[in-house]
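So the protein lines, in turn, are chains W and H. Count along the first sequence from 1, add 5, and you get the number used in the numbering used here. Count along the second sequence from 1, add 13, and you get the number used in the numbering used here. Backbone N, C-alpha and C define an ideal beta-carbon position, used for all residues, glycine too.
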Amino acid sequence: MSERCWLALVDAAPSGADAAAALRTPDGAPAGWLAAWIRASKPVRDARRADPRIVDQDGAPATISLVLPERDALTIFDDPAVQGARRAVLADAEPADLVTTLLVDASHFAGSLTARRGPDALSRLRDDPFLRVWAGRLLVVDAGLLGSVPAPPGPVIERHGSDVPWPGGGFPAPGQ
Amino acid sequence: MSIQTDDTFPDLVALDHAGRPRSLSELAGGDPLVLTTFRGFWCPKEQAFMRRLVAFQDEVEVAYSSVVSLSVDPPEVNAAFRAGLGARWTFLADPEREHLDALELREHTDTVHHPYRPAVFLLTPDLVVHSAYNGYWYWGRPGIDELRADLREVTRAIRSDWNVAA
Chain W
6 MSERCWLALV DAAPSGADAA AALRTPDGAP AGWLAAWIRA SKPVRDARRA
56 DPRIVDQDGA PATISLVLPE RDALTIFDDP AVQGARRAVL ADAEPADLVT
106 TLLVDASHFA GSLTARRGPD ALSRLRDDPF LRVWAGRLLV VDAGLLGSVP
156 APPGPVIERH GSDVPWPGGG FPAPGQ
Chain H
14 MSIQTDDTFP DLVALDHAGR PRSLSELAGG DPLVLTTFRG FWCPKEQAFM
64 RRLVAFQDEV EVAYSSVVSL SVDPPEVNAA FRAGLGARWT FLADPEREHL
114 DALELREHTD TVHHPYRPAV FLLTPDLVVH SAYNGYWYWG RPGIDELRAD
164 LREVTRAIRS DWNVAA
């Protein structure tokens with residue numbers, strides 16, 4: 006099994022994570038830690054898979070929208086509501102610093118992480134299209150975890166393989 | 014038009030509609046790429062053609078292919094045009110006309126604004142030109158069925174599992 010990117014909310018700074026950063030609410034209250042692991046197997050029970058391009062140990066602080074549906078209430082990834090959210094992400098004239106959907110298997114939408122920076126980050130994230138699928142949290146993440154990923158080129162909303170978190174991945178080049 | 018079938022299209026870098034530099038190869042991302050050059054938001058012919066592409070994106074979005082549109086309009090103008098159309102693909106800006114002459118796509122009849130001549134290129138993921146359409150006259154542009162046929166041919170050529178039973 007090839008290496009994958011795993012994300013999880015944890016109570017304290019985890020040992021063994023490839024990157025981690027403290028979280029705060031927008032008004033400054035501690036909100037745990039967000040940690041990332043690059044490995045084949047799931048590192049902690051509640052970890053969900055993400056686009057590995059989002060992880061950057063040198064990444065600056067960011068404001069995030071974190072959508073984490075309950076495990077027993079996951080909708081399918083191809084639900085029209087989730088498709089519509091992906092379309093809305095692509096239509097945005099001011100793309101986020103990064104966006105990844107989250108997966109726990111090949112069939113279901115297990116959430117999303119969207120990050121923005123700048124003075125209007127919080128207000129822009131209130132319009133995160135994935136918040137229309139499931140209630141999420143707006144948080145501030147410290148430096149050392151999240152980078153910046155170019156906006157998806159569009160208009161493709163499909164995953165490049167059902168176990169690849171949108172919008173990452175791609176198909177092998179001819180001959181590979 | 015100097016860029017012809019089987020040429021390799023230059024891997025140009027230009028600002029996207031959010032003002033970030035993007036290369037064509039990055040935007041192709043391993044998928045077929047429909048590249049359109051257009052005069053500007055103000056041209057009724059471009060508006061008509063873009064509306065066709067917007068309708069087509071409902072198919073492209075599930076078919077692992079990218080669309081990119083290039084003009085001399087600055088990023089903020091491209092962003093407004095893109096939003097007004099409801100387009101969900103990347104618009105590139107060449108306001109300094111860095112690529113216009115190298116591509117030999119200067120609209121020679123507009124000596125005031127010097128926009129791109131309308132053209133459509135169907136590129137393979139490594140930017141080889143599979144087909145090229147000169148849209149100076151509107152009917153030179155491909156219809157959606159022609160684009161679909163081009164995309165089918167390129168996809169068939171690059172996806173080793175096209176004939177899944179083989």
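At a cut-off of 7 Å, would you count residue i as near the ligand SAM, judging by its Cβ distance to the nearest heavy atom?
| i | result |
| --- | --- |
| W/GLU8 | Judged by which ligands are present, the structure shown has none, so any question about the ligand SAM falls away. |
What residue range does the beta strand (DSSP E) around residue i cover?
| i | result |
| --- | --- |
| W/SER153 | It is not in any beta strand (DSSP E) - W/SER153 carries neither H nor E in the DSSP assignment. |
| H/LEU40 | That residue, H/LEU40, is in no beta strand (DSSP E); its alpha helix (DSSP H) goes 37 to 41. |
| H/ALA106 | 103 to 106 |
| W/ALA22 | No beta strand (DSSP E) contains W/ALA22, which DSSP labels as neither H nor E. |
| W/LEU103 | 103 to 106 |
Can you tell me whether residue i is buried or exposed? The criterion is at least 16 other CB atoms within 10 Å of its CB, across all chains shown.
| i | result |
| --- | --- |
| W/HIS113 | buried |
| H/SER78 | buried |
| H/GLU59 | buried |
| W/HIS165 | buried |
| W/ARG121 | buried |
| H/HIS30 | buried |
I need the DSSP call for residue i, collapsed to helix, strand or coil.
| i | result |
| --- | --- |
| H/ASP174 | coil |
| W/VAL94 | helix |
| W/ILE81 | strand |
| W/GLY33 | coil |
| H/ARG52 | coil |
| H/THR168 | helix |
| W/ILE69 | strand |
| W/GLY141 | strand |
| H/SER79 | strand |
| H/ILE16 | coil |
| H/TRP183 | Outside the displayed span of chain H (14 to 179) sits residue 183 of chain H, for which this structure offers no information. |
| W/ARG54 | strand |
| W/SER128 | helix |
Please report the residue range of the alpha helix (DSSP H) in which residue i lies.
| i | result |
| --- | --- |
| H/VAL67 | 57 to 73 |
| H/GLY97 | 88 to 98 |
| W/ALA13 | W/ALA13 -> not in any alpha helix (DSSP H); beta strand (DSSP E) instead, spanning 9 to 15. |
| H/LEU140 | Element bounds for H/LEU140: n/a, residue is neither H nor E. |
Could you round the C-beta distance between residue i and residue j to whole angstroms and report it? I think they count as a contact, below 8 Å.
| i | j | result |
| --- | --- | --- |
| W/LEU150 | W/ALA18 | Wrong, their Cβ atoms sit about 11 Å apart, outside the cutoff. |
| H/VAL142 | H/ASP20 | 5 Å |
#### Entry: chain H contacts made by the region 73 to 98 of chain W, where a contact means CB separation under 8 Å
Closer than 8 Å at the C-beta level to chain H, one finds these residues of the region 73 to 98 of chain W: ARG92, LEU95, ALA96 and ALA98.
### Message
Output needed in chain order: residues of the region 147 to 171 of chain W with a Cβ under 8 Å from some Cβ in chain H.
### Response
From the region 147 to 171 of chain W, only PRO155, ALA156, PRO158, GLY159, PRO160, VAL161, ILE162, GLU163 and HIS165 have a Cβ closer than 8 Å to chain H.
### Message
Tell me which residues of the region 135 to 146 of chain H have at least one Cβ-Cβ distance to chain W shorter than 9 Å, keeping chain order.
### Response
Under the 9 Å Cβ criterion, the region 135 to 146 of chain H contributes THR137, PRO138 and ASP139.
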